[in-house]
Structure formats: structure tokens, C-alpha cells
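Take 1 as the starting number for the sequence shown in the working numbering and just add one per residue.
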Amino acid sequence: MQTVMYTDTIFGPIRSRRLGSSLGVNLMPNDGKICTFDCLYCEAGYNAQGPGKSGMPSRATVARLLSERLAELHAAGQPVDTITFSGNGEPTVHPDFAGIIDDTLAERDRFYPEAQVSVLCNSTMLDRPEVVEALRRVDNPILKLDSAIDSTIRALDRPNRPGFCAEQVIGNLADFGPKAIVQTLITRGTHDGAVVDNSTPEEVDALIEAYRRIGARRVMLYTIDRPTPERSLQRVPRAELDAIAARITAETGAEVEVAG
Ligand code: SF4
Numbered sequence: 001m002q003t004v005m006y007t008d009t010i011f012g013p014i015r016s017r018r019l020g021s022s023l024g025v026n027l028m029p030n031d032g033k034i035c036t037f038d039c040l041y042c043e044a045g046y047n048a049q050g051p052g053k054s055g056m057p058s059r060a061t062v063a064r065l066l067s068e069r070l071a072e073l074h075a076a077g078q079p080v081d082t083i084t085f086s087g088n089g090e091p092t093v094h095p096d097f098a099g100i101i102d103d104t105l106a107e108r109d110r111f112y113p114e115a116q117v118s119v120l121c122n123s124t125m126l127d128r129p130e131v132v133e134a135l136r137r138v139d140n141p142i143l144k145l146d147s148a149i150d151s152t153i154r155a156l157d158r159p160n161r162p163g164f165c166a167e168q169v170i171g172n173l174a175d176f177g178p179k180a181i182v183q184t185l186i187t188r189g190t191h192d193g194a195v196v197d198n199s200t201p202e203e204v205d206a207l208i209e210a211y212r213r214i215g216a217r218r219v220m221l222y223t224i225d226r227p228t229p230e231r232s233l234q235r236v237p238r239a240e241l242d243a244i245a246a247r248i249t250a251e252t253g254a255e256v257e258v259a260g
């Protein structure tokens, strides 16, 4: 059954908790999902729904659709604060991701030079130099790290690349450099009878150590906001997120933005 959220390559603008008036770009199929993770909280549903039949849009199609939509919004006087890559899976999996970023930056400069380009990325492709270079060219490379403990990443994010481990992703995030915005979703619940919880003191200690090693200057903390495929997952109260954020800032110096 299709549960994807996005049925268009260009969608919105939508009002984002974190990014303001955000025009979305979905590089994955419009009728299925492709991701190197299969997070229990994924708003686009589980990977089991399949990749659909439409395939990923080509670089030329994305450029044309984005240009047309930006021209339309500009003519109507509508604000665009950010152009955000997210959607039905992991955008950096697209084989022309780097070229699409270059096209997007050019279209942004043409129509909305003040707008930011943001990419929500799950950090699994940071071992590819062309992906890293493209992410460094955008204003906001928002890179996921949900846990610094392998068993928790496996339980919550369910990576499907063999050999993926927390140590490797922390190393790749450290190599990325100061522009990285590290994003962590905090939640707790159960899945298949096992507890999944990245809000425990042990988890927060490990995350803080990872942010320190990464040299993170900015961290985004958030919790679930919409119904999740694993329905037992809970929103973590704002006060708890604020307390975690205060610890992160005190112990690493990172600026922490909380949405929740
Ligand atoms: S990384 Fe993002 S798109 Fe992929 S499964 Fe997780 S939440 Fe969904």
C-alpha cells in the first residue's frame, strides 16, 4: 500500500517548524519510497511499500519543474525562505544529486537570491566525495545522527547498507567540516516487542560525546510531529528536549535549535 507523503517532485511552499516558508524538492519517485534507512518514524512510511513505478525524476525534469514553480511564485509575490530537499526517501541517493544541487543554486540565485537551500540528509552517503562536495555547496546541510550507539541506530533508523555503523558516520560527520548541521530526532517506544529509546541518559551522553568529536557548531533536536509507521513511538515533551539541549550547549558549545 502506498503511504508516501509527496506525490510531486516540487511541492509547497509549506510552513516548516524549522525552515520557514519552504519549497520542497522530492528527488525520489512520486509513487513509492527509496531510502538507505527505514526509520520507525518515517513520515513517508516504510520501505516495504516499494519504490513505485514512476522512477526518480531526471536532472532535466527537476530543473524545469523547479524553474517553472519559482517563476510562478515570484510572479505572485509569494515568499520562499528556503528550498528544501526531502521527500519520499534519501535525496543523496539520486545519481545526479550533485548536478541537481548546482541547478538549484542557479535557480535560487535567479529568482530568490535571499533564500537558503537546505538538504535533509540521513548521512549514509557521506562516504561519497561527490555527495559531500555537493552538500558543502548548500546553505544548510542538515545531517542526521539519531544515536551514537550502534544497537539504537539499527533499531530506530534500520540502515540497509551493510557495514553501516555509528563510528563510521560520526567520523564522516567530523570530516564534513563546520558547515554541518547535525539533526537528531528523539523518541521512545517499542518495536517488535523491544524497547527503542534514544532519550535515556546513556544515549544523551553518547550523543554529546559524538557532537564533541564531530565539532558540531549547530545541532537540531526534534521529536515526532505526525503519525509514524511504528505507532508506539512517543513525542518527547518539550521540557525534556530543552534540558537535553542545555546539556549539549554546556558540554560542547554547540548552538542547539529545538523543535517540538
Ligand atoms: S532517513 Fe528520512 S526518508 Fe529515510 S527512512 Fe529515515 S526518515 Fe524516512
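Built from N, CA and C at the ideal position, the CB exists for glycine as well.
Since the model is a prediction, treat every value here as computed from it, not as a measurement.
Where residue i sits in the DSSP three-state scheme
i: ALA194; result: strand
i: GLN234; result: strand
i: PHE37; result: coil
i: SER67; result: helix
i: ALA259; result: strand
i: ILE224; result: coil
i: PRO159; result: coil
i: GLN49; result: helix
i: ARG59; result: helix
i: GLY171; result: helix
i: VAL182; result: strand
i: GLY99; result: helix
Residue i beta carbon near the ligand SF4 (any heavy atom closer than 7 Å)
i: PHE37; result: yes
i: GLY52; result: no
i: LYS144; result: yes
i: ASP157; result: yes
i: CYS42; result: yes
i: GLY24; result: no
i: GLY55; result: no
i: GLY163; result: no
i: GLU230; result: no
i: GLY89; result: yes
Short Cβ contact (8 Å threshold) for residue i with residue j
i: THR252; j: ALA216; result: yes
i: PRO13; j: GLN78; result: yes
i: TYR41; j: LEU241; result: no
i: TYR6; j: GLY87; result: yes
i: VAL119; j: LEU145; result: no
i: ILE208; j: ARG247; result: yes
For residue j and residue i, the rounded distance between their alpha carbons
i: GLU90; j: LEU143; result: 11 Å
i: THR152; j: CYS39; result: 11 Å
i: TYR222; j: ARG18; result: 10 Å
i: ASN26; j: ILE10; result: 6 Å
i: THR61; j: VAL196; result: 40 Å
i: ARG231; j: ILE224; result: 11 Å
Beta-carbon contacts of residue i that lie in its chain and below 6 Å, excluding the five residues immediately before and after
i: ALA166; result: ALA148, ASP150 and ILE153
i: ALA63; result: ASP103
Residues of its chain near residue i, where Cβ-Cβ distance is below 8 Å and the 5 sequence neighbours each way are ignored
i: PRO201; result: none
i: SER199; result: ILE186, THR187, ARG188, VAL236, GLU240 and ILE244
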